[in-house]
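Chains B and Y are the protein sequences, given in the same order.
This note's numbering numbers the first residue of the first sequence as 1 and each following residue consecutively.
This note's numbering numbers the first residue of the second sequence as 1 and each following residue consecutively.
Note that CB positions come from ideal geometry on N, CA and C, so glycine has one too.
No experiment lies behind these values; they were computed from the predicted model shown.
Each remark here refers to the structure printed beneath this line.
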Amino acid sequence: MENSQITIRGLKKSYGKGAGKNEVLKGINLNIDPGQIIGYIGPNGAGKSTTVKILCGILPDFEGEVTILGKDLKTESLEIKKHIGYVPETGALYDLLTPNEYLSFIGTLYGLNKDKLESRAGNLLSFFGMEKHSDQRMDTFSKGMKQKILIIAGIINNPDIIFLDEPLSGLDANTVILVKELLIRLAKDGKTIFYCSHLMDVVEKISDRIILINNGIVIADGTFEELKTEKAGTLEMLFAQLTGRQDNVISTEDLFNGLHEN
Amino acid sequence: MVKFALFIVKLFKVPVKWLGVDYPQFEILIRTKLTIDFRSTPTGFQTSGSKKRTLLYQLLTYSLFGLLFGIAAFSVGDLVLSLTIFFAVIMVSLTMTLISEFTTVLFDQRDNNILLPRPISQRTLLLLRLVHIQFYMGFIALALSIPTAIILAVKFKLITVFIYFIAVGLSTWMTLIFTTFIYLMISKIVNGERFKDLITYAQIVIAIIIFGSYQLIPRLMDAAVLKNISISDDWWTYICPPVWFAALVKLSSFTLFTTHLLLLSILAVVVPVTGAAFLIRSMSRGFGNILGEGSSESIKPQGRRTPDFKLTTRINKFFCISEIEKAGWNFTMATTRRDRKFKQSVYPLFGMMIVFAVVILKPDLTNLGASLQEKGELSKYFFIAICGFSGSSAVLQLPYTDTPDAAWIYKALPLKEHGHLLTGSVKALLFKFFVPIYLLITIPSILLWGSAFLPQIVLIGLGNILLTLTAIVIQKMVLPFTRLREMQQKGTNSIIAILSMILMFMVGGFAYLTSFLSGWITFLICGSAAGLIVLMFHFIRKKTYCISG
Numbered sequence: 001m002e003n004s005q006i007t008i009r010g011l012k013k014s015y016g017k018g019a020g021k022n023e024v025l026k027g028i029n030l031n032i033d034p035g036q037i038i039g040y041i042g043p044n045g046a047g048k049s050t051t052v053k054i055l056c057g058i059l060p061d062f063e064g065e066v067t068i069l070g071k072d073l074k075t076e077s078l079e080i081k082k083h084i085g086y087v088p089e090t091g092a093l094y095d096l097l098t099p100n101e102y103l104s105f106i107g108t109l110y111g112l113n114k115d116k117l118e119s120r121a122g123n124l125l126s127f128f129g130m131e132k133h134s135d136q137r138m139d140t141f142s143k144g145m146k147q148k149i150l151i152i153a154g155i156i157n158n159p160d161i162i163f164l165d166e167p168l169s170g171l172d173a174n175t176v177i178l179v180k181e182l183l184i185r186l187a188k189d190g191k192t193i194f195y196c197s198h199l200m201d202v203v204e205k206i207s208d209r210i211i212l213i214n215n216g217i218v219i220a221d222g223t224f225e226e227l228k229t230e231k232a233g234t235l236e237m238l239f240a241q242l243t244g245r246q247d248n249v250i251s252t253e254d255l256f257n258g259l260h261e262n
Numbered sequence: 001m002v003k004f005a006l007f008i009v010k011l012f013k014v015p016v017k018w019l020g021v022d023y024p025q026f027e028i029l030i031r032t033k034l035t036i037d038f039r040s041t042p043t044g045f046q047t048s049g050s051k052k053r054t055l056l057y058q059l060l061t062y063s064l065f066g067l068l069f070g071i072a073a074f075s076v077g078d079l080v081l082s083l084t085i086f087f088a089v090i091m092v093s094l095t096m097t098l099i100s101e102f103t104t105v106l107f108d109q110r111d112n113n114i115l116l117p118r119p120i121s122q123r124t125l126l127l128l129r130l131v132h133i134q135f136y137m138g139f140i141a142l143a144l145s146i147p148t149a150i151i152l153a154v155k156f157k158l159i160t161v162f163i164y165f166i167a168v169g170l171s172t173w174m175t176l177i178f179t180t181f182i183y184l185m186i187s188k189i190v191n192g193e194r195f196k197d198l199i200t201y202a203q204i205v206i207a208i209i210i211f212g213s214y215q216l217i218p219r220l221m222d223a224a225v226l227k228n229i230s231i232s233d234d235w236w237t238y239i240c241p242p243v244w245f246a247a248l249v250k251l252s253s254f255t256l257f258t259t260h261l262l263l264l265s266i267l268a269v270v271v272p273v274t275g276a277a278f279l280i281r282s283m284s285r286g287f288g289n290i291l292g293e294g295s296s297e298s299i300k301p302q303g304r305r306t307p308d309f310k311l312t313t314r315i316n317k318f319f320c321i322s323e324i325e326k327a328g329w330n331f332t333m334a335t336t337r338r339d340r341k342f343k344q345s346v347y348p349l350f351g352m353m354i355v356f357a358v359v360i361l362k363p364d365l366t367n368l369g370a371s372l373q374e375k376g377e378l379s380k381y382f383f384i385a386i387c388g389f390s391g392s393s394a395v396l397q398l399p400y401t402d403t404p405d406a407a408w409i410y411k412a413l414p415l416k417e418h419g420h421l422l423t424g425s426v427k428a429l430l431f432k433f434f435v436p437i438y439l440l441i442t443i444p445s446i447l448l449w450g451s452a453f454l455p456q457i458v459l460i461g462l463g464n465i466l467l468t469l470t471a472i473v474i475q476k477m478v479l480p481f482t483r484l485r486e487m488q489q490k491g492t493n494s495i496i497a498i499l500s501m502i503l504m505f506m507v508g509g510f511a512y513l514t515s516f517l518s519g520w521i522t523f524l525i526c527g528s529a530a531g532l533i534v535l536m537f538h539f540i541r542k543k544t545y546c547i548s549g
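Okay, structure coming up:
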């Protein structure tokens, strides 16, 4: 796997210490090729966001080896960060700024010159239909509008690898289509897309490869065609089968009876 | 003002590059940070007034303090000695503000998701945080130093005033990098996550070091200085930063030139500059690790409830009059136990109080018991009052949180008695911080100084609670955990703390006066104080909160 863009070997991450130690990732091994769309899925708390945060350098303290674009994440993270983009899960942006100010801030951090920055930001804003809002402060924006700005900020440096954590959350149906098209187009351009999502139908349709993790380990990995079985014909059914509700002690029926009690 | 700060930053373009910092990145970062600080936040719950007005109000208050310091310092004849005292006062005040208010800014992780995925070096990030804090600390230092500048302008040339302001800037910077240096040294010994647990202890230690040495200097001076009322060529002047800055200003007044003054002035410039270079170039990695250890604190396995939780929950029925008040109590107990930023703002005060207590009592360590026994009455009362204050001051931090948006719950709930939540929270904090500290201090005091002391101790305790409640009313009775910790607010918090401390001294003095009266009268005063407390709780509970925004 010499030409892998991302190589992960024995990735472990735990929070806390002693008796309170909580191991979130218990040894992840992956090779990811360029130009692919990777759907990274798993139940809540499975370790999806933690993986993405490690890969884009937010959590520098981890066990195992990670190589991105041929560079070691532990020693050359600054170099790697120039070539990746990240769209965070929660609305992590300075919402007292306007989209123009924020994008020019992010662009400057990547060392983009002013002209290139303005034309890129302008194009991306109009692609998402945000140009008329480009000089309004973002604290008045809806969740979906902020999400659009986050996506723009994640690709403004023309990265080779784009990590997206729940990129579709809060977006309306039309924008979901736009983002899907954008991701497919970017992958065709040779860019690697690594994204977490809970929208199984979207993951099923656009991913070249689906990686399912549960309890900090990879439990399924392959294209949707490879993964689907006779019993589980959709990704949603597959997901339910593999990550199951077997540990649910209380059934929906019991729950409702409880709610009606006084 | 932001423009002026950016102009200053531009002046340092070349040295910043020497530090291994990416200058264009650094400039846009500091510009963006300051721009955000000065935009109003309409989404906030119970918004405060204009941010520029907040700063203006701070400017006036700190200038007033500066005037008092200046008058005190310049009552001594010699310029170097006056300025030494003045710079010592400034540096100690700034350290106090720094460790109790700005430590949370230094290690802030709120914008990790914005900044860490970008190609920003750890050096750039560290310098950003330092300069961002320097902006606000510099403002406070400037306000403190204006009155003295006027005195200098009258007595000396304009160049002296100019150099004086540079010295003020350097002394602020020196305070900042020294404190950061201690934090980063500790982070070298322990890992990032452990460091966050230790940081409050580090704050207490720094408070003790700074306040302790501040107390030591006059004693070193005593012998040498009091003979000829001026600072001579003693060895200790080389390890005492306030003397360096004083020497720098003295040198620029062209009234005296000695090698001693020259050497001290060189130290004043060289130490802050090389210190910064050392800090940024060789210690920024440790800083990056602390930041990167990330927002992991929330991910702790549940089901490990401490017995403390159950105890405080069971006990609330003795103090709270309504279910909503109990809810406020439980909510505050749980939040303050986990919110590191809350602890970081509250715990350093304990360190300062320990030093204050020592300063007030000045115990003779060779004969501790006897020396404490002999203390004058007044200092005993001050001691009790100030220790009590360190506990009740925790209440001043009640409004602040990182997640003011969560206050929507107050609006969404079908609830009219918001005041009950606030009084429940206040009672919880008093119970958690004030009561233990006060008992810890007063029980040995009674053993040592006798039970005749008891009425005054009760009186001081009640006075303390009364002052705390007054402070809450002055703070416009903000509901718990509904205000963002804003940069501009930090200077104001220090002012409130200082003013309350002065008021506590007055409570101590009042208690001293009552000790001349018959015990019955003191108990009568205690009774009315208690009545007043009940009334104030009632008042706060009854207030209707305008829930808007």
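Worksheet item: Out of B:Gln-241, B:Phe-194, B:Asp-95, B:Ser-142, which has the shortest C-alpha to C-alpha gap to B:Asn-31?
Response: Counted from its first residue, the first sequence places residue 31 of chain B at position 31. Here the closest residue by C-alpha is B:Phe-194.
Practice prompt. Spell out whether any CB of chain B is found under 9 Å from the CB atom of Y:Leu-64.
Written response: In the second sequence, counting from the first residue as 1, residue 64 of chain Y sits at position 64. At a cut-off of 9 Å between C-beta atoms, Y:Leu-64 does not count as an interface residue with respect to chain B.
Worksheet item: So is Y:Ser-187 in contact with chain B if we call contact Cβ pairs under 9 Å?
Response: Position 187 of the second sequence holds residue 187 of chain Y. Output row for Y:Ser-187: interface = no.
Practice prompt. Could you tell me which chain B residues have their CB closer than 8 Å to the CB of Y:Gly-551, listed as they occur along the chain?
Written response: Here chain Y comprises residues numbered 1 to 549, so residue 551 of chain Y is not present and cannot be evaluated.
Item to complete: Check Y:Phe-382 in the structure and name its three-state DSSP category.
Response: For the purposes of this step, residue 382 of chain Y is taken as the residue at position 382 of the second sequence. In the structure shown, Y:Phe-382 sits in a helix (DSSP, three-state: H, G or I).
Worksheet item: Hey, how far is the Cα of Y:Leu-125 from the Cα of Y:Leu-115?
Response: In the second sequence, the residue the question calls residue 125 of chain Y occupies position 125. In the second sequence, the residue the question calls residue 115 of chain Y occupies position 115. The C-alpha of Y:Leu-115 is placed about 9 Å away from the C-alpha of Y:Leu-125.
Practice prompt. Just the chain B side, please: which residues come within less than 8 Å of Y:Ser-100 by C-beta, in chain order?
Written response: One-based indexing of the second sequence puts residue 100 of chain Y at position 100. None at all; the shortest Cβ gap to chain B is about 26 Å.
Worksheet item: Between Y:Thr-54 and B:Asp-201, what straight-line distance do the alpha-carbon atoms span, to the nearest angstrom?
Response: Along the second sequence, read from residue 1 onward, the residue named residue 54 of chain Y stands at position 54. Along the first sequence, read from residue 1 onward, the residue named residue 201 of chain B stands at position 201. Taking the straight line from one Cα to the other gives about 52 Å.
Practice prompt. For B:Gly-35, I'd like the list of residues in its chain whose CB is within less than 6 Å of its CB, leaving aside the five on either flank, ordered along the chain.
Written response: By 1-based counting over the first sequence, the position of residue 35 of chain B is 35. Ala-187, Gly-190.
Worksheet item: Buried or exposed: Y:Phe-278, going by 16 or more other Cβ atoms within 10 Å of its Cβ?
Response: Position 278 of the second sequence, counted from the first residue, corresponds to residue 278 of chain Y. That one is exposed.
Worksheet item: Tell me, which residues are paired with B:Ala-220 by DSSP?
Response: Taking the first sequence and counting its residues from 1, one reaches residue 220 of chain B at position 220. Paired residue(s): B:Leu-212.
Practice prompt. Measuring only between beta-carbons, confirm whether B:Cys-56 sits less than 9 Å from chain Y.
Written response: As a working mapping, residue 56 of chain B is identified with position 56 in the first sequence. It does: the Cβ of B:Cys-56 has a partner Cβ on chain Y nearer than 9 Å.
Discussion item. Suppose the cutoff is 7 Å on Cβ atoms and the five residues either side in sequence are ignored; what does the same chain contact list for Y:Val-271 look like?
Written reply: Against the second sequence, residue 271 of chain Y aligns to sequence position 271. If we look at Y:Val-271 and ignore the five residues flanking it on each side, its Cβ neighbours are Met-174.
Practice prompt. Could you check what DSSP says for B:Val-87 in three-state terms: helix, strand or coil?
Written response: Residue numbering aside, residue 87 of chain B sits at position 87 when the first sequence is read from its first letter. DSSP places B:Val-87 in strand when its eight states are reduced to three.
Worksheet entry | Pairwise C-alpha distance: Y:Val-359 and Y:Asn-112 | One-based indexing of the second sequence puts residue 112 of chain Y at position 112. One-based indexing of the second sequence puts residue 359 of chain Y at position 359. C-alpha separation (whole angstroms): 42 Å.
Worksheet entry | Where B:His-260 falls, given that 16 or more other Cβ within 10 Å makes a residue buried | Sequence index remark: in the first sequence, residue 260 of chain B carries index 260 (1-based). So B:His-260 counts as exposed.
Worksheet item: Y:Arg-118 touches chain B at which residues, Cβ-Cβ below 8 Å?
Response: Numbered from 1 along the second sequence, position 118 holds the residue referred to as residue 118 of chain Y. Below the 8 Å Cβ cutoff, chain B contributes Lys-81, Ile-106, Leu-109, Tyr-110 as neighbours of Y:Arg-118, in chain order.
Worksheet item: Nearest-angstrom Cα distance between Y:Leu-128 and Y:Gly-450?
Response: For the purposes of this step, residue 128 of chain Y is taken as the residue at position 128 of the second sequence. For the purposes of this step, residue 450 of chain Y is taken as the residue at position 450 of the second sequence. Our two residues, Y:Leu-128 and Y:Gly-450, have alpha carbons roughly 55 Å apart in a direct line.
Worksheet entry | B:Gly-64, DSSP secondary structure in three states | Sequence index remark: in the first sequence, residue 64 of chain B carries index 64 (1-based). Per DSSP, reduced to three states, the secondary structure at B:Gly-64 is strand.
Worksheet item: Could you give the distance in angstroms between the alpha-carbon of B:Phe-127 and the alpha-carbon of B:Asp-160?
Response: Counting from one through the first sequence, the residue named residue 127 of chain B turns up at place 127. Counting from one through the first sequence, the residue named residue 160 of chain B turns up at place 160. Spanning the two alpha carbons is a distance of roughly 20 Å.
Discussion item. Give me, in chain order, the residues of the same chain whose beta-carbon lies closer than 8 Å to that of B:Val-218; leave out the 5 immediate sequence neighbours on both sides.
Written reply: To locate residue 218 of chain B, count along the first sequence from 1; it is residue 218. Hits under 8 Å: Ile-28, Asn-29, Leu-30, Ile-211, Leu-212.
Worksheet item: Does the pairing of the region 393-412 of chain Y with the region 282-289 of chain Y give three or more beta-carbon distances under 8 Å?
Response: Result no; under three Cβ-Cβ pairs closer than 8 Å.
Worksheet item: chain B beta carbons: is any one of them nearer than 9 Å to that of Y:Ser-284?
Response: What you label residue 284 of chain Y is simply residue 284 of the second sequence in a count that begins at 1. No, its Cβ sits nowhere closer than 9 Å to a Cβ of chain B.
Practice prompt. From the DSSP output, in three-state form, read off Y:Ser-121 for me.
Written response: In the second sequence, residue 121 of chain Y corresponds to position 121, counting from 1. Y:Ser-121: coil per DSSP, three-state reduction.
Worksheet entry | Interface flag, Y:Asn-112 vs chain B, CB-CB below 9 Å | Here residue 112 of chain Y refers to the residue found at position 112 when the second sequence is read from its first residue. Closer than 9 Å to some Cβ of chain B, the Cβ of Y:Asn-112 qualifies, so yes.
Worksheet entry | Rounded separation between Y:Ala-334 and Y:Ser-75 - CA only | Numbered from its first residue, the second sequence carries residue 334 of chain Y at position 334. Numbered from its first residue, the second sequence carries residue 75 of chain Y at position 75. Here the alpha carbon of Y:Ala-334 sits roughly 50 Å from the alpha carbon of Y:Ser-75.
Practice prompt. Can you pull the chain D residues whose beta carbon is under 9 Å from the beta carbon of B:Pro-88, in chain order?
Written response: Looking for chain D here will not work: the only protein chains present are B and Y.
Worksheet item: How about Y:Ser-171 and Y:Pro-119: are their beta carbons less than 9 Å apart?
Response: Numbered from 1 along the second sequence, position 171 holds the residue referred to as residue 171 of chain Y. Numbered from 1 along the second sequence, position 119 holds the residue referred to as residue 119 of chain Y. Remark: C-beta atoms of Y:Ser-171 and Y:Pro-119 do not approach each other more closely than 9 Å.
Discussion item. With a threshold of 9 Å between beta-carbons, can B:Gly-85 be considered close to chain Y, or not?
Written reply: As a working mapping, residue 85 of chain B is identified with position 85 in the first sequence. Under the Cβ distance rule, B:Gly-85 counts among the residues neighbouring chain Y, one pair being separated by less than 9 Å.
Worksheet item: Closest Cβ-Cβ distance between B:Met-1 and chain Y: below 9 Å?
Response: Reading the first sequence from its first residue, position 1 is the one you call residue 1 of chain B. Caution is warranted here: a pLDDT of 45 is assigned to B:Met-1, below 50, making its placement in the model unreliable, and no coordinate value can be reported.
Worksheet item: Of all Cβ atoms in chain B, is any one closer than 9 Å to the Cβ of Y:Gln-25?
Response: Along the second sequence, read from residue 1 onward, the residue named residue 25 of chain Y stands at position 25. Residue-level contact by beta carbon holds for Y:Gln-25 and chain B, with a gap shorter than 9 Å.
Discussion item. Does Y:Cys-387 come out as helix, strand or coil in the three-state DSSP assignment?
Written reply: The count along the second sequence starts at 1 and reaches residue 387 of chain Y at position 387. In the structure shown, Y:Cys-387 falls within a helical segment according to DSSP collapsed to helix, strand and coil.
Fill in: Contact set for B:Ile-177: own chain, Cβ-Cβ below 8 Å, skip 5 residues either direction
The residue you call residue 177 of chain B lines up with position 177 of the first sequence. No residues qualify anywhere along the chain.
Worksheet item: At a Cβ threshold of 9 Å, is B:Ile-8 touching chain Y?
Response: Looking up residue 8 of chain B in the first sequence gives position 8. Interface criterion not met: the Cβ of B:Ile-8 is under 9 Å from no Cβ in chain Y.
Item to complete: Within its chain, find whatever has a CB closer than 8 Å to the CB of Y:Thr-324; leave out the 5 residues flanking it on each side and keep chain order.
Response: Taking the first residue of the second sequence as position 1, residue 324 of chain Y is located at position 324. Inspection of the sequence shows that residue 324 of chain Y is occupied by Ile rather than by Thr. Leu-415, Glu-417, His-420, Leu-421, Gly-424, listed in sequence order.
Practice prompt. Kindly indicate which three-state DSSP category Y:Leu-532 falls into: helix, strand or coil?
Written response: Against the second sequence, residue 532 of chain Y aligns to sequence position 532. Collapsing the DSSP output to three states places Y:Leu-532 in a helix.
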